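K.L.:
Sharing a structure here in structure tokens format.
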Amino acid sequence: MIETLLAALVSGLVLGSLYALMASGLSVVWTTLGVFNFAHGALMMVGAFVAWTVSEAAGLGLLTGIAAGTLVAALLGVLIERLLVRPFYGHRSMLLITVMTTLAAMIILEKGAQIIWGARLKQLPRLIDGEVSILGATISAHEAVLVGLAPLILFAIWRFTLKTRTGRSLRAVGQNQNSAALIGIDVPVAFAIAFGLSAALAGLTGALLGSIRFITPVMGAEPLVKAMIVVIFGGLGSLGATAGAAYLIGLIEALLIVWLGLYWTPFVLFLMMIIVLVFRPNGIFGGKE
Amino acid sequence: MDNLLTVSGVTAGYGPITVLRGLSLHLGAGECIGLFGPNGHGKTTLLQTISGLIRPTSGSIEFDGRELTRLRPPHIVEAGLVQSPQGNTLFGDMRVQETLELAAFSKHARDDRQSNLEKVFALFPRLEERRPQKARTLSGGERQMLSIGCALMCAPRLLMLDEPTLGLSPRLKEELAQAVGSIAKEGIPLIVVEQDVEFLMALADRLYLIEHGEVVREIDRANAPDHDEVMRLYFGEAAG
Amino acid sequence: MSEPALSITGACKTFGGLKAVDDVSFRVNSGEIFGIAGPNGSGKSTLFNLMTGIPYGPSAGEVHFDGRRIDRWPAHRIARAGLCRTFQKDAEFPELSADETLQISAVYNGGQRRRDAADNVDKALTLVDFDPDRRTMRSDELSVYEKKQLMIASALVSNPSVLMLDEPASGLTKPEIEKLDALLIAVNRTGVTILLIEHVLSLLLSVSERLMVLNYGQILAEGDPQTVVKNPAVIEAYLGGRG
Amino acid sequence: MSTRARDILVPLACLAVLALVPLVATESYTRHLFIIAFIYGIIASNWNLSLGHCGVFNFGHLTFFGVGVYTAAIAAKTFGINPWIAIWLGGVTAAFAAFLIATPVARLKGIYVVLVTFAFSQLAMQLVLSQSQITGGAEGMVRIPFMRIGDYSFVRDYKLGYYYVGLGLLVLSTLFLLAVINSPFGKSLKAVRDAEDYAESRGISVSTQRILVLVLSAVFTGVAGGFYAIYLRVASPEVFGFGTLALALSMVLIGGTGTTYGPIAAALALTFATESLAGIRGLEEARFIIVAVAMILVLRLAPGGLLGLLNRLKI
Amino acid sequence: KIGVLAPVTGKAAADGQEMVNGAQMAVDELNKAGGVAGHTFELSVGDVGDASADAVATAAERLLGDRAMGAIMTGYASGSNFEIEMMAEQDMVYLVSANSAQTEGIIAPSPDDFGTVWSMTPSYAGYNTEIVPVIEGLVADGKLTLPNKKVAIISSDNPYSKGIAEGMVVAFGEAGWEVTENDLLPFGEINDWRAFLAKIRQNPPAVLINTDYVSANAATFMNQFMEDPTNSLVFIQYAPSVPEFLELTKEKSSGVVYNLLGGVLNTPTNPRAAEVLGKYKAAFGNEPGTYGPALYEQVLIYADALGKVGDPSKRAEIGAEIAKTSKQTAMGKIQFDPATHLSVQSNDGVPIQFYQIRDGERILFYPDQYATGSFEQPGWMK
Ligand SMILES: Nc1ncnc2c1ncn2[C@@H]1O[C@H](COP(=O)(O)OP(=O)(O)OP(=O)(O)O)[C@@H](O)[C@H]1O
Ligand SMILES: Nc1ncnc2c1ncn2[C@@H]1O[C@H](COP(=O)(O)OP(=O)(O)OP(=O)(O)O)[C@@H](O)[C@H]1O
Ligand SMILES: [Mg+2]
Ligand SMILES: [Mg+2]
């Protein structure tokens, strides 16, 4: 029993790291621009495919591949912002329209990937081979890298958005564009930075995940849904809360899988999410106001 | 020309709606001018156009010998042209302190950040009390103070205030008048938009009456603005 | 002496550590115009908020209206009971015309039938002197002054017993303020009790029968307006040197 | 032409044209497309009631449809209830489902509404999948009884009967929507959407209006679901899927959130546009890309929707 | 004209593309030979996308609405096969290659109403029961030693996997096995089997069965099982037959067992299969799974019937002709059962085939007359 629990804990940690990376990317765009980017999962998928093309098909090595995946995803993110989000700023139903345009971007990316890379599954090699045993549960060394890297990245983003001038200006732009412009913030640049950063994060996550899961055009869908749940638990807004919620959900999910089986786990997660929102409309860690 | 700011023949508006119709005015170095006129006749629109938030469809704006018409807002602020907008909608979820620090965003404003912050707090002690509060929850007057404070943090070379006394208590209004006066005395030229003409007259060297997007009267010290006459003019025009 | 229309006892509202309204008690007599003044951030708007439940009720204390305790009621129920307010910030229903704004207020708030509502809409718009040509325009195309007129008219149309106005004169020109003055008097004559928050002293002093001044969430002075404005504490906290 | 007259005459003319379509379109394929478009038209225009008019970002709207589908399927097949009645039962249960979800949603705002309603639709799908004794699980239910009047089976005559039932439901739903929107209730929805506090201060209960709007928007959506099940004779869990949702949502947005006819027009346009691409081989994936790009273009060029664009051109 | 109803886009696009390719290959071949009874063929594709009822119905309607349409082929179009009724109503020739349980459910009550609809796959009953005697046979022959008589089954919530898992539970139970785990997963992408595997490791069964047919899921399952294998025979339903399964698992799948009903019978005693596979590979450059060859054979069966009848518009007659089919195909010898319209399963007709993957090769070890090798104890088992 103990062993099973430990295994669940470790697999919760892996899931939590993944969700934290995904959700914090979503959260960056949400807190700064007030846009919920439904193409986030698809950007992750693009990161994985590009990493595969560069490292496997072109044989340039895995690290180059990961870098390329991150970069291409970032560029696509900037492009999405420029073409699909910026034109609707200040529109009365902007939230809804951007939900729709980013959904459209998701469709375009997914179908485009299908055309370019075909329907067959791909996989990346691992950064480090071999297995690591944590608390008696075995995971691959690559997953261990993910687990280790996630908090570092999260911390870096947190520092960036709260402590640096650029980071703060992103938040300001998200809250009031005109006022931001009037104190000298370059609004379009800020938008591009926020989207590019978030997309780069997605691309990196995808490239790392591509060694653990199979790369398919729809591989981003499931992490995106989980990231949504995370974001709800955490309460949209603060990065720390999002990260905390990510690990919490990862653990809960892993434990639920052990106790209830995979079948009812999503059901219970969704139910929990609704219940949380009924009693705490701003998330578990969200303020009351 | 020793004019710091020259607005000539500016036409601007919102999409199909034209608000400013060939408006011209100017401001000399160290001068303080006031704009007044009935509601909805384009004063705010003018300030927004000067700040680059609205692109004029024709006409030109020159600041310090430099053409501004093509520049985008961040560059205009960088040049030292700063405004405190009407309605004082700031960054709702940012705290007072954060907001003020961020407001010193442009390159040349950053150096004086600390001293400017002290100045702002000296001017509005209430803001210092409410430092950790989120802007969204401030009272109407407090928000107005924060808005003006932000503008001061930008190290303005020309400061534009859009209805700064809106919602301020009589006492604060008076203090603000003094503060603005001392800003002007420090040599920072001002453009002030106000409904309270008495407030304006105490402050400004020249007044422009704006109606239907045009300057309909220019009143300066030289052609001896008689208080009653201005009031009559204002009442008469606005009522009609 | 008429019955008090409203009585507030020990009302408090705290935000985190801040006591925005701190143990405030007062009564408003039926049919009077009751002015409220005070420095910025002294809790005037918060007081209105907690009385009307928008968006929150009091942290402590009671509000009685018409003999009933209303401080735990949902906001729309308070409004329907006849306690109708305006907001300090501009508020409008951007896509609705003036006619439609007043119609829904009459139907929902006044509980009027559609036919009666139409008549009352006419009356209310005429009363505030709203430009008849602009009655079918979308509200967001109206000017600031017209939006203010509309907000007041939408309160009047539901025949409230108490009208609560939060800085109706801010941003208005002198002539507009004078019109507002006349309007308030006219409305009050029809038996409506009015609570008025205002920084424009000329208006406040000319219409109110009683005046309350708040400072740091507490009552600084209350009573006859002319007496209150001579109170040194009020001058110090609120009016400043010029008085 | 006065706008009043235009508001009445143009839709009537369109209705007349639609009523005559079967004379020209005699094969069952075209009629089938129209029937599907009518169903989507009902879904989209009712969705617009909550989404466009009241600003409730309800991403569970297709759940109401799915509930209607399964209600009619179970009623007609398992309980042998006449399909004509089963269809309306779909509306009843959908309204009930809407009430369930509306209660928590009434208190939430913005993106949270999107997420919760989305979660709700996932829950509903899982329930349907897991109760396979009742719903057939992942396999769904097939061979649902079809409609008949006396001895006349609607399967015959190249779907002529179904065409008019579909059109009739669309007309009923539209009349219902128009009545709702033009009532004070309809106007109060916009008030609640744009200025909650102000609305509350005018005696309008924000949460009550939200609950009501969700329930009302579910009624005809559920009926459309019932009709869908009876017409296709199948109920399968894909109705809860993401594809249907994205399609219907794009209809609402392309049609324009402010209008009643817009989503209906968009439903017709999109159904035929995607179908005309469907026959081209090698374009199967690209078809979705083309639709997505077209949608973005419409949103950029005409944020008020296609109908809004038409209106602007006329002026 | 011949229609193909297939999921060309969406999750099952790989299968769908293969279906189209297989049919295309047959059509090209027939046309090159000058057509049948004076008719040449043209392929028309109806995409069912995510298989929602309206997508399937719309695609089917479009194909049905084409007056020149002589027959429609599919591997599978919907999970429920409800489109069969649409086809039957219009007397459209319709050949299906999967979901035989659903097909049977629709047709069996009144087979005469479905004269034009025939299924290439035999009843799935064989999937439920055959595994028990085969495993017990291996043990009896001494090729396999098992530590106990326990079996653990995991399946995914779709009619195919769930149905087979339920059948297996009964079959193993009747043969005196203890079913230690019987888990159901939601249908869709599964990235983490570790929780289930952890339970398996607590109480290792002799036989571990996974009936999730999605090849990516099965590959993940296999890889994660191999992180810490137990002393169990691993059986995975269908998925290992998909070509990419081997690419995805590489050496990790060596030893796994799977079976196929109506799959390609690639063995020296059925040269037809090698021929079809070869042609497919030559035409499209990759190894097909089941559906490419199946659709190829479907078109040819139709062509044979058309050849006898002569007129493509006499579809009912063509249907009756198809009923009489008795043909050696890539899948074995196809004959149809008049009661269910499914093809008949038998070792001489369409057999159930058991394979083991070893070192990247698929070795057919049962039934004996087709065997290409024999079963060996998997490397991870003691
Ligand atoms: N975003 C906008 N879109 C369309 N019209 C606008 C917009 N903003 C303002 N207007 C219109 O432009 C005109 C001028 O407005 P502006 O705010 O410049 O006037 P103002 O002189 O500053 O008035 P006030 O004294 O009320 O502040 C008004 O008629 C107003 O209705
Ligand atoms: N939601 C809130 N959270 C925290 N503090 C708040 C909140 N709302 C108001 N406050 C604070 O409570 C105090 C009273 O605010 P209120 O809006 O009532 O002032 P006011 O008297 O209306 O001032 P003004 O004349 O400037 O409008 C202010 O200091 C304000 O910052
Ligand atoms: Mg203005
Ligand atoms: Mg206030």
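Chains as they are written, first to last, in this note's numbering: chain A, 1479 to 1767; chain B, 746 to 985; chain C, 16 to 258; chain D, -17 to 297; chain E, 1285 to 1666.
Note that CB positions come from ideal geometry on N, CA and C, so glycine has one too.
Since this is a predicted model, take the numbers as computed values, not measurements.
#1: For E:S1328, which three-state DSSP category applies?
#2: Between E:V1332 and E:Y1360, what straight-line distance do the alpha-carbon atoms span, to the nearest angstrom?
#3: For a cutoff of 7 Å on Cβ pairs, would you count A:L1496 as touching chain E?
#4: Which first and last residues belong to the alpha helix (DSSP H) in which E:G1671 is found?
#5: Is B:T882 near ligand 2, judged by its Cβ being under 6 Å from some heavy atom?
#6: Any contact of the region 1751 to 1759 of chain A with the region 784 to 792 of chain B, i.e. 3+ C-beta pairs under 8 Å?
#7: Between C:Q103 and ligand 4, is there a pair consisting of the residue's CB and a ligand heavy atom that are separated by less than 6 Å?
#8: What does the Cβ neighbour count give for B:R811, buried or exposed, with the cut at 16 atoms within 10 Å?
#9: Hey, how far is the Cα of D:G185 from the Cα of A:A1650?
#10: Hey, which residues come within less than 7 Å of ligand 3, measuring from Cβ to any heavy atom, in chain order?
#11: Just to confirm, is the Cβ distance from D:S199 to D:S32 under 7 Å?
#12: When Cβ atoms are compared, which residues of the region 172 to 190 of chain D fall closer than 7 Å to chain C?
#13: Say whether chain A places a C-beta atom closer than 7 Å to the C-beta of D:L71.
#14: Could you name the residues of chain C that D:P166 contacts, counting a contact when the two beta carbons are closer than 9 Å?
#15: Please compile the residues from chain D whose C-beta is within a distance smaller than 9 Å of the C-beta of A:P1603.
#16: Mapping the DSSP letters down to three states, classify E:S1362 as helix, strand or coil.
#17: Count the C-beta pairs between the region 1537 to 1555 of chain A and the region 1481 to 1493 of chain A that are closer than 8 Å, then say yes if the count reaches three, no if not.
#18: Kindly confirm or deny that the region 25 to 39 of chain C and the region 818 to 827 of chain B touch, where touching means at least three C-beta pairs closer than 8 Å.
#19: Within 7 Å (strictly less), CB to CB, does E:P1291 reach chain D?
#20: Can you name the start and end residues of the alpha helix (DSSP H) that C:D131 belongs to?
#21: Within 10 angstroms of the Cβ of B:M898, are there 16 or more other Cβ atoms? Answer buried if so, exposed if not.
#22: Taking Cβ positions only, does E:F1366 come closer than 7 Å to chain D?
#23: Could you check whether D:A58 and D:I126 sit closer than 7 Å to each other, using their CB atoms as the reference points?
#24: Taking all protein chains shown into account, do 16 or more other C-beta atoms lie within 10 angstroms of the C-beta of E:D1514, making it buried, or fewer, making it exposed?
#25: Quick one: using the 10 Å Cβ neighbour count with 16 as the cut-off for buried, is E:D1652 buried or exposed?
#26: Using a Cβ cut-off of 7 Å, pull out every chain D residue sitting near E:R1599, in sequence order please.
#27: Using three-state DSSP, classify C:V244 as helix, strand or coil.
#28: Tell me whether C:A35 counts as near ligand 2, meaning its Cβ is closer than 6 Å to at least one heavy atom of that ligand.
#29: For D:K296, decide whether its Cβ has a neighbour in chain E, counting only Cβ atoms nearer than 7 Å.
#30: Please state whether the Cβ-Cβ distance between E:A1307 and E:L1289 is less than 7 Å.
#31: From B:L921 to B:G886, what does the alpha carbon distance come to, in whole angstroms?
#32: Can you tell me whether B:H786 sits near ligand 1, meaning its C-beta is under 6 Å from at least one heavy atom of the ligand?
#33: Check the C-beta distance from A:G1739 over to E:D1375 and give it rounded, since I have them as a contact under 8 Å.
#34: For B:R766 versus B:T751, is the C-beta spacing smaller than 7 Å?
#35: Going by CA-CA distance only, name the one from E:S1336, E:R1646 and E:A1382 that's closest to E:T1358.
#36: Report the rounded CA-to-CA distance for D:V(-8) versus D:A248, giving the unit in angstroms.
P.N.:
Short version:
#1: The residue given as residue 1328 of chain E occupies position 44 in the fifth sequence. In the structure shown, E:S1328 sits in a strand (DSSP, three-state: E or B).
#2: Translated into positions along the fifth sequence, residue 1332 of chain E becomes position 48. Translated into positions along the fifth sequence, residue 1360 of chain E becomes position 76. If you take the alpha carbons of E:V1332 and E:Y1360, they lie about 10 Å apart.
#3: Translated into positions along the first sequence, residue 1496 of chain A becomes position 18. A:L1496 does not count as touching chain E.
#4: Outside the shown range of chain E, which is 1285 to 1666, sits residue 1671 of chain E, and nothing can be said about it.
#5: Your numbering for residue 882 of chain B matches position 137 in the second sequence. Yes, ligand 2 has a heavy atom inside 6 Å of this Cβ.
#6: no
#7: In the third sequence, residue 103 of chain C corresponds to position 88, counting from 1. True, at least one ligand heavy atom lies under 6 Å from that Cβ.
#8: Your numbering for residue 811 of chain B matches position 66 in the second sequence. Per the 10 Å Cβ criterion, exposed.
#9: In the fourth sequence, the residue the question calls residue 185 of chain D occupies position 203. In the first sequence, the residue the question calls residue 1650 of chain A occupies position 172. Their Cα atoms are separated by approximately 35 Å.
#10: B:K788, B:T789, B:Q831, B:D907, B:E908 and B:V938
#11: Within the fourth sequence, numbered from 1, the residue matching residue 199 of chain D stands at position 217. Within the fourth sequence, numbered from 1, the residue matching residue 32 of chain D stands at position 50. Going by C-beta atoms, D:S199 is nearer than 7 Å to D:S32.
#12: K172, A173, D176, A177, D179, Y180, E182, S183, R184, G185, I186 and S187
#13: Within the fourth sequence, residue 71 of chain D is the residue found at index 89, counting from 1. With 7 Å as the cut-off, D:L71 does not count as an interface residue toward chain A.
#14: As a first step, residue 166 of chain D must be located in the fourth sequence, where it is residue number 184. Residues of chain C passing the Cβ test: E115, Q118, I119, A121, V122, Y123, R129 and A132.
#15: Along the first sequence, one-based indexing puts residue 1603 of chain A at 125. The contacting residues do not exist; A:P1603 stays about 28 Å from chain D at best.
#16: Numbered from 1 along the fifth sequence, position 78 holds the residue referred to as residue 1362 of chain E. Coil.
#17: no
#18: no
#19: As a working mapping, residue 1291 of chain E is identified with position 7 in the fifth sequence. Judged by the 7 Å Cβ criterion, E:P1291 is not in contact with chain D.
#20: Translated into the one-based positions of the third sequence, residue 131 of chain C becomes position 116. Where C:D131 is concerned, the enclosing alpha helix (DSSP H) stretches over R129 to L142.
#21: In the second sequence, the residue the question calls residue 898 of chain B occupies position 153. It is buried - the Cβ of B:M898 has at least 16 other Cβ atoms within 10 Å.
#22: Position 82 of the fifth sequence holds residue 1366 of chain E. Output row for E:F1366: interface = yes.
#23: Position 144 of the fourth sequence, counting from 1, holds the residue named residue 126 of chain D. Position 76 of the fourth sequence, counting from 1, holds the residue named residue 58 of chain D. Against a cut-off of 7 Å, the Cβ pair of D:A58 and D:I126 comes out as a contact.
#24: Here residue 1514 of chain E refers to the residue found at position 230 when the fifth sequence is read from its first residue. The sequence given here places Thr at residue 1514 of chain E; Asp does not occur at that position. Answer is buried; the Cβ neighbour count reaches 16.
#25: Within the fifth sequence, the letter at position 368 stands for residue 1652 of chain E. Exposed is the call here.
#26: Taking the fifth sequence and counting its residues from 1, one reaches residue 1599 of chain E at position 315. Correct list: empty, because the minimum Cβ distance to chain D is about 16 Å.
#27: Against the third sequence, residue 244 of chain C aligns to sequence position 229. DSSP places C:V244 in coil when its eight states are reduced to three.
#28: The residue labelled residue 35 of chain C in the question sits at position 20 within the third sequence. Yes, Cβ of C:A35 sits closer than 6 Å to a heavy atom of ligand 2.
#29: Sequence index remark: in the fourth sequence, residue 296 of chain D carries index 314 (1-based). In this prediction, D:K296 scores a pLDDT of 43, lower than 50, which makes its location untrustworthy; the coordinate-derived value is nonetheless stated afterwards. With 7 Å as the cut-off, D:K296 does not count as an interface residue toward chain E.
#30: Translated into the one-based positions of the fifth sequence, residue 1307 of chain E becomes position 23. Translated into the one-based positions of the fifth sequence, residue 1289 of chain E becomes position 5. Against a cut-off of 7 Å, the Cβ pair of E:L1289 and E:A1307 comes out as no contact.
#31: Residue numbering aside, residue 921 of chain B sits at position 176 when the second sequence is read from its first letter. Residue numbering aside, residue 886 of chain B sits at position 141 when the second sequence is read from its first letter. Each residue's alpha carbon lies about 12 Å from the other.
#32: In the second sequence, residue 786 of chain B corresponds to position 41, counting from 1. Yes, since a heavy atom of ligand 1 falls inside the 6 Å radius drawn around the Cβ of B:H786.
#33: Taking the first residue of the first sequence as position 1, residue 1739 of chain A is located at position 261. Taking the first residue of the fifth sequence as position 1, residue 1375 of chain E is located at position 91. That pair is no contact at about 46 Å.
#34: Residue 766 of chain B sits at position 21 when you count from the first residue of the second sequence. Residue 751 of chain B sits at position 6 when you count from the first residue of the second sequence. Cβ distance not < 7 Å, so B:R766 and B:T751 don't count as in contact.
#35: In the fifth sequence, the residue the question calls residue 1358 of chain E occupies position 74. With distances taken between Cα atoms, E:T1358 lies closest to E:A1382.
#36: Within the fourth sequence, numbered from 1, the residue matching residue -8 of chain D stands at position 10. Within the fourth sequence, numbered from 1, the residue matching residue 248 of chain D stands at position 266. Roughly 16 Å between the two C-alpha positions.
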